[in-house]
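Note that the protein sequences, when read in sequence, are chains F and Z.
When we follow full-length UniProt numbering, the leftmost residue of the first sequence carries the number 1, and every step to the right adds one.
When we follow full-length UniProt numbering, the leftmost residue of the second sequence carries the number 1, and every step to the right adds one.
In this text, a Cβ means the ideal position worked out from N, Cα and C, and glycines have one as well.
The structure under discussion appears below in the form of structure tokens.
Number of protein chains: 2
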Amino acid sequence: MNVQDYMLSVGQAARAASRAIARADTNQKNRALHAIADALLRDSAKLIAANALDLAAARQNGLEPALVDRLAVSAATVESMAEGLRQIAALPDPVGEMDDFTYRPSGIQLGKMRVPLGVVGIIYESRPNVTADAAGLCLKSGNAAILRGGSEAFHSNQAIAACVHEGLAAAGLPAGVVQILETTDRAAVTALVTMPDYVDVIVPRGGKGLIERISREARVPVIKHLHGNCHVYIDERADLDKAFAIALNAKTHRYGTCNTMESLLVHQAVAGAILPRLAEAYWDKGVELRGCERTRDILGNKVVAATAEDWETEYLAPILAVKVVDSLDEAIEHINEHGSHHTDAIVTEDYSRSRRFLREVDSASVMVNASTRFADGFEYGLGAEIGISTDKIHARGPVGLEGLTSQKWVVLGDGQIRQ
Amino acid sequence: MNVQDYMLSVGQAARAASRAIARADTNQKNRALHAIADALLRDSAKLIAANALDLAAARQNGLEPALVDRLAVSAATVESMAEGLRQIAALPDPVGEMDDFTYRPSGIQLGKMRVPLGVVGIIYESRPNVTADAAGLCLKSGNAAILRGGSEAFHSNQAIAACVHEGLAAAGLPAGVVQILETTDRAAVTALVTMPDYVDVIVPRGGKGLIERISREARVPVIKHLHGNCHVYIDERADLDKAFAIALNAKTHRYGTCNTMESLLVHQAVAGAILPRLAEAYWDKGVELRGCERTRDILGNKVVAATAEDWETEYLAPILAVKVVDSLDEAIEHINEHGSHHTDAIVTEDYSRSRRFLREVDSASVMVNASTRFADGFEYGLGAEIGISTDKIHARGPVGLEGLTSQKWVVLGDGQIRQ
């Protein structure tokens, strides 16, 4: 079968299965989730063996060590996949939630019902545990999923697929509910993102290159997580101990996550007091500082001069851009202009400034006196997340079960007609 | 200036203005809406004179009489535009609404704030009153708008634009808040839908051809209203008097609207009882019936034999496709397969069947014992609507002020850091 025909058959199976999973009750979906978890644990050795094939190929192909690391599946990885599925089973089921019923003047009673999106296509790179996560989130939210993992994880993903299908069958659900593509042909991705009749939304997870390419090609709506260029702004009226703790945590808690601070903005009135103390702590941890001229005036030449590009960069590394600003206005403007609308925080004790920051910073998460590292599905109480959206429509920020649903209108009448 | 440069300058002005309008308080936005309404009423004669130029050109170019009608602006049209703006002013302001604040285990307090989308591009055809409506809805919801009306309404739209800008200035808002394109070059549309840096969402309003073209070209999310192939299903357990009233109203209240029924499905157990009565009433009103074989067995050869195409067609005319079905399952499957996910209704007194229809029919509006004609922003209490979405993500069904906003996450902390 050629790729076009294969993808058409996948799309048709997904559309048909989406009706079955949309109707499934919560118990049936949870039974499937637990059955998949059981199968994964039982097949742990098989999964690790399949993964070994991928790892050997990756090393042979000279994949970067960091990527090889992300690809590796251990017994602990399998346990955490299974645990993730059990946590999804424990989350409340959003499907069918009804809200906001009120009578309209015509006598109809109008409300909303939360419903699955239908068929969700997920395109991701290297990490095989995404396969289990994504399958679980789509299943619980009543969607059919078409998963396209990286070619470097092909054997691992097929082994996980076998467990997923066993779990679906055990719960009496069709195999079309979760399909993991059996091809690594690039044309399959193009087909997937251009089948609006069979796919309702695409979630790409991966590097900026992948996401930009998908967004360009897609003829289906995309929920995308482009990048996280997050800021902390230390205001003139900040509590400097809180500022120190937050700015340090937001940068150094983990370097490779999208909610890590990449640029620090400091009001000029407190720059002299807070920057030397912070710089010491950053340098202790091996963080390179790149600063504006005023930052370098305070901290000296150990700070590299920042270029225009630094303000735009998601380092994902122990590097931090630092800028001294004259005002809250300048900070807000800088963030809206150079940030990625992901997560930004102000440190201040000033009521009015905190309100302005919350309202005017155009980001998916805006914070007062808290570390940007909190922008995360688990910290927000969503459970697992399918990604963190930097889009503005549908869902912003961490996307959990609710982000994989939408609301339809329900009208309950007694024979009403339009006059 | 070439079209590319012109559109870039429009996009930049819109992005800058979007920050100002997002910050504007409700009073300021309402002042602008009333000032625009005042200017429209004062300039009524000017608008009608500008419209006369468009009408003369339309007639000269042999535009269809129905389209010439839609293009015409009378004193009553101007009054209804002004009244529409005053109604938008009277609606609650969704911007800044905060909800769902709860403490998380880490001690952060997490909630959501409703915020504008940013810059909304609206592309529409002939009817000049859309210009005032769309400007008003975007303004009230805190968005900057870029409006591209049909070339056949160019003079009318420019005259309305002058009033809009006068109203914005009177309220101290920048002109960039509502820009009405001063070119009819097709390349301007292509530029508008491919500027993700300056435009956050596109709303196309018009025929299927326009919307399909925009969706194909767009590199920006699109909220689209593709078409309305709406169904009424008369169940075996329907109250036949309600069924008669609803089926008649849903088809004949107005023929040209998207929430008009285009296909009638009737359970075989009641087809013999209800169809002859309904057919009489339809024929009295000049509605042509196209039926399946069983329908023709009951109603005779006056009913044209329906082809496969009839089940897919939005007639927007006094034509109705009629099908006798064996079961609720067949009805639901027919609607999900052939409908357009717009609005579908069941007539039944059966509790369990009503629940299944509501849950399983995958449409933006699902109704029990009410006419599909209720699917409308005014009937739903949203006030004016920017369109009726047949998409599944973001907003389904009538899109009012809330559909032009999204929610961001707000984190209120006291110095919390991730452990």
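- A check of alpha carbon separations from F/R254 across F/R373, F/L110, F/V130 identifies F/R373 as the nearest.
- The beta carbon of Z/A281 sits no closer than 8 Å to any beta carbon of chain F.
- For the C-beta of F/I246, the chain Z residues within less than 9 Å are, from N- to C-terminus, G413, G415, Q416, I417.
- A distance below 8 Å between beta-carbons, with the five flanking residues on each side excluded, links Z/R86 to the following residues of its chain, in chain order: L33, H34, A37.
- Residue pairing for F/M7: DSSP places it in no beta bridge.
- Chain Z places no beta carbon closer than 8 Å to that of F/H342, leaving this residue out of the contacts.
- Annotation for F/W283: the continuous alpha helix (DSSP H) segment containing it runs 268-284.
- Residues of chain F whose Cβ lies closer than 8 Å to the Cβ of Z/R373 are, in chain order, I417, R418.
- Out of F/E152, F/V304, F/Q179, the CA that lies nearest to the CA of F/A162 is found in F/Q179.
- Against F/A364, the close residues of chain Z are K408, W409, in the order they occur along the chain (beta-carbon pairs closer than 8 Å).
- For the stretch 394-407 of chain F, the residues whose beta carbon sits under 9 Å from a beta carbon of chain Z are, in order, H394, A395, R396, G397, P398, S406, Q407.
- Secondary structure of F/M81 (DSSP, three-state): helix.
- If you draw a straight line from the Cα of F/Q28 to the Cα of F/A17, it comes to about 14 Å.
- Not flagged as an interface residue toward chain Z: F/P276, since no C-beta distance is shorter than 8 Å.
- At a cut-off of 8 Å between beta-carbon atoms, F/S106 makes contact with chain Z.
- Under DSSP, F/Q416 shares a beta bridge with Z/A370.
- In its chain, beyond the 5 residues on either side, V3, Q4, M7 have a beta carbon closer than 7 Å to the beta carbon of F/A191.
- Within chain Z, the residues R359 have their CB atoms less than 7 Å from the CB of F/G96, given in chain order.
- Taking a Cβ-Cβ cut-off of 8 Å, F/Y255 has no neighbours in chain Z, whose nearest Cβ is about 13 Å from it.
- As for any beta strand (DSSP E) of minimum length 3 sitting wholly inside the stretch 156-244 of chain Z, the runs are 178-180, 201-205, 230-234, ordered along the chain.
- Only residues of its own chain outside the window of five on either side were considered, and among them Q109, G111 have a CB closer than 6 Å to the CB of F/F101, listed in chain order.
- Taken atom to atom, the span from the alpha-carbon of F/V177 to that of Z/T184 is near 47 Å.
- Taking C-beta atoms as the reference points, Z/E402 and Z/P94 count as a pair closer than 8 Å.
- Per DSSP, the beta-bridge partners of Z/L265 are Z/Y233, Z/K323.
- Fewer than three beta-carbon pairs drawn from the stretch 274-283 of chain Z and the stretch 384-402 of chain Z are found closer than 8 Å, and the two stretches are therefore not classed as touching.
- Contact note: Z/Y380 reaches chain F through R104, L110, W409, using a C-beta cutoff of 8 Å and chain order.
- When only Cα atoms are considered, F/A132 and F/I386 end up about 11 Å apart.
- Taking a C-beta distance under 8 Å as the contact criterion, Z/I234 and Z/V201 do not qualify as a contact pair.
- Residue state for Z/R127 is assigned as coil, using DSSP reduced to three classes.
- With a cutoff of 8 Å on beta-carbon distance, F/L40 and F/M81 are scored as near each other.
- Residue range 98-103 is occupied by the beta strand (DSSP E) that includes F/F101.
- Counted as a single uninterrupted DSSP element, the alpha helix (DSSP H) harbouring F/R31 occupies residues 26-42.
- Of all alpha-carbon atoms in Z/P398, Z/R216, Z/T390, Z/I335, the one lying nearest the alpha-carbon of Z/G383 is that of Z/P398.
- Taking 8 Å as the cut-off, the beta carbon of F/A306 is found no closer than this to the beta carbon of F/V270.
- Between Z/V368 and chain F, the shortest Cβ-Cβ separation is below 8 Å.
- In this structure Z/G107 is not in contact with F/N369, their Cβ atoms being roughly 11 Å apart against a cut-off of 8 Å.
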